[in-house]
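What follows is one structure encoded as structure tokens, with my remarks underneath.
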Amino acid sequence: MYISRQGRSWMMLIILFVAAADADGQCDGDGCEERHNAWTSQGECLQERMGWDSFVCVCTASVCDMPGSIPHPQQTDVYTVVTSDRQHHRFHVTHGTMSTAPTGGGHVVHLNTRIAYQQMLGFGGSVTDASGIVFFGLSEAVQDLLIRSYFGADGIAYNIVRTPIGGSDFSKRPYSYDDRPGDVALAHFALAQEDLMYKVPLLKRAQTLAKETSELKIFASPWSPPAWMKNNGRFNGSGSLIPAMRQPYADYIVKFLDEYSSRGLRMWGITTQNEPLAGLQFDVAFNAMVFTAEDMRAWLVENLLPALTAGGHDDLELIISDQGRDHLPHYPAQILAHDELSRRVSGIGIHWYQDTPENLHHLTETRAVLPDYFTLHTEACLGYDSPPTERVKLGDWGRAERYASSIIETSNRGTSGWVDWNLALDLQGGPNWASNFVDSPIIVDTEHDKFYRQPMYYALGHFSKFVARGARAVYMSLLHAPLPGVAASAFLNPDGGVVVVLLNSEETETTVSLQPRMSQEKYINIVLPAKSIQTVLFRAT
């Protein structure tokens, strides 16, 4: 079950009493006292501190507090503030009435919803083999809580999902859908057990839940074709597609689309290759393929586009690049120089792994050079470059800040959405056949049938739960007059609701006065706690 906001106060007291007796029924010996003493509650979730600077929210079959319904105010002079911070809160909700003057000494931030920018596609995460393995390792009751946490109206309302075509490093083994060497007719093509047992059923459940708030857009990405189609004969490394395999590989992609479509999972889009230039930069330890812009352009025009048309997939959104912004805008620009591709491609995918302040301008440059294509943040994670014992940091607030900061800075520079990497991983940050363990917004402990909502989960939720598909990023003065330690984005939803997300990364609180309508002397005076993320909701008129 899950617990409503109205029932939290008394239920948390009961839970804490039980936890003090035996936190999960598995603890004995000297570690019990320390473990029991870690359980606390601030009234919003069952907190557990795991040695980092903040806490996780624990979900079991017995208790799992959901974010719940947090509607936009309907009156024009009323606002709602949703707060998560390092010290105390997760989605703490307060309400207020606009003031006729800004707070003395506060910083005034002006908004103008009539100055609108890119349209938002959505926010979400990725269904990998690893996510499916840990998800289906839980009891049915806890599975339901986890999937609702992401896709339910009472969760954080994800509305876009990415999934690998075949295996990725977040599989237990390297594989493709046709590992019979030389089978260019793809007579032995078949979905893997990983699809049938994990990805397909998980995507179907997500699809059903997402209907509560929005249509779920699913897009797929290939990491590697069958190894025998590559010039190095391996799934990983720096190999590229053998020229004679270009048409069989295009047919392979279409067969994947057909198989998923026959199971009720019609793809909204595909990225044409995950990280196509990574193999030119280093010897990739996991599934990969090098695809230069020149080779990609030729393959798309001569092979994939005709195959998609023949297979009835002309409505598929094609997303190119799908790699770090350090390759913008030149890589997609080379592909889009072809007339047919300039008409057929829809968007440009971006990963965050090479993000630096110095290459942030590549986003605005790409929007200027290639204005007819959406840019979509298609992958992010943390822990990949950390020591082995810190790949997963349960309760680390700094990682939440990294997520919120990235969403804000990319949304403010034209990006239409932000898609995280794995929905859920195990306590090690896997499974991963290449030992490329990383962190995730939800970490699953299958042994004890529970999962932990990380600070990263709530950072994502401050956007995904409130910014509707079709929203427009809108003007705010912080875009041109930055406030030290504070970053923010503003959005206008199709129904007239305004969403402002503010990140305070400083160790001290600060006061901000939002002026929603520059023609009116009305202000939302709010205090940003130290190390906090806040979402402010109000009506445009």
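Numbers -25 to -1, 1 to 516, taken from mature numbering (1 follows the signal peptide of the UniProt record, and there is no 0), label the letters of the sequence shown in order. Ideal Cβ positions, reconstructed from N, Cα and C, are used throughout, including at glycine. Only a predicted model underlies this, so the values are computations on that prediction, with no experimental measurement involved.
Item: Coil, strand or helix - Pro139 by DSSP; Value: strand
Item: Between the CA atoms of Arg209 and Val56 - distance to the nearest angstrom; Value: 52 Å
Item: Cβ neighbours of Val276 in the same chain (closer than 7 Å, five flanking residues each side left out); Value: His313, Glu315, Leu316
Item: Backbone CA spacing between Ile383 and His163 [nearest angstrom]; Value: 46 Å
Item: Nearest residue (CA-CA) to His63, options Asp330, Gly370, Gln49; Value: Gly370
Item: Burial state of Gly80 (16 or more Cβ within 10 Å); Value: exposed
Item: For Gly18, the three-state DSSP class (helix, strand or coil); Value: Unreliable placement is indicated for Gly18, whose pLDDT of 44 sits below 50; the coordinate value is still reported in the next sentence. The answer is coil: DSSP assigns Gly18 none of H, G, I, E or B.
Item: Under 8 Å between C-beta atoms of Ile135 and Gly107; Value: no
Item: Gly6 burial status per 10 Å Cβ neighbour count (16 or more: buried); Value: Reliability of the predicted coordinates at Gly6 is poor, the pLDDT of 35 falling under 50, and the value obtained from them is presented with this limitation in mind. Flag for Gly6 reads exposed.
Item: Where the beta strand (DSSP E) containing Leu512 begins and where it ends; Value: 507 to 514
Item: Every unbroken beta strand (DSSP E) within the stretch 36 to 63, with a cutoff of 3 residues, ordered by chain; Value: 53 to 60
Item: Arg374 versus Gly460: straight-line alpha-carbon distance, rounded; Value: 16 Å
Item: From Trp396, Met271, Phe412, residue whose alpha carbon lies closest to that of Leu402; Value: Phe412
Item: Burial state of Phe257 (16 or more Cβ within 10 Å); Value: exposed
Item: Integer Cβ distance of Asp290 from Glu250, believed to fall under 8 Å; Value: Going by Cβ atoms, the distance from Asp290 to Glu250 rounds to 26 Å, so no, they are not a contact pair.
Item: Start-end ranges of the alpha helix (DSSP H) lying completely within the stretch 321 to 401, minimum 4 residues; Value: 336 to 344, 372 to 386
Item: Inter-stretch contact (C-beta, 8 Å, three-pair minimum) for the stretch 143 to 160 and the stretch 71 to 80; Value: no
Item: Classification of Arg272 by the beta-carbon crowding that lies within 10 angstroms, buried from 16 upward; Value: buried
Item: Distance between beta carbons of Met264 and Ser199, contact taken as under 8 Å; Value: 5 Å
Item: Heavy atom of the ligand MG within 7 Å of Ser114 beta-carbon; Value: Judged by which ligands are present, the structure shown has none, so any question about the ligand MG falls away.
Item: Coil, strand or helix - Arg428 by DSSP; Value: strand
Item: Where Ile90 falls: helix, strand or coil (DSSP); Value: strand
Item: Contact set for Gly100: own chain, Cβ-Cβ below 6 Å, skip 5 residues either direction; Value: Asp395, Leu398
Item: Three-pair Cβ contact test at 8 Å for the stretch 277 to 284 versus the stretch 220 to 234; Value: yes
Item: Uninterrupted beta strand (DSSP E) stretches inside the stretch 219 to 284 (no shorter than 3 residues); Value: 244 to 246
Item: Contact between the stretch 490 to 503 and the stretch 19 to 34 (3+ Cβ pairs under 8 Å); Value: no
Item: Minimum length 3: unbroken beta strand (DSSP E) runs contained in the stretch 178 to 213; Value: 192 to 197
Item: Simplified DSSP assignment, three categories, for Leu454; Value: helix
Item: Through-space distance from Leu21 to Pro46, alpha-carbon basis; Value: 23 Å
Item: Classification of Tyr359 by the beta-carbon crowding that lies within 10 angstroms, buried from 16 upward; Value: exposed
Item: For Glu422, three-class secondary structure by DSSP; Value: helix
Item: Neighbourhood of Pro42 by C-beta, 7 Å cutoff - its chain only, sequence neighbours within 5 removed; Value: Phe66, Asp129, Gly130, Ile131, Gly436, Lys440
Item: CB-CB length for Asp301 against Thr35, believed under 8 Å; Value: Rounded, the Cβ-Cβ distance is 42 Å, inconsistent with contact.
Item: Leu433 versus Ser59 - alpha carbon distance; Value: First, the residue type needs correcting, since residue 433 is Tyr and not Leu in the sequence shown. Those two C-alpha atoms are separated by around 7 Å.
Item: Coarse secondary structure for Gln118, derived from DSSP in three states; Value: helix
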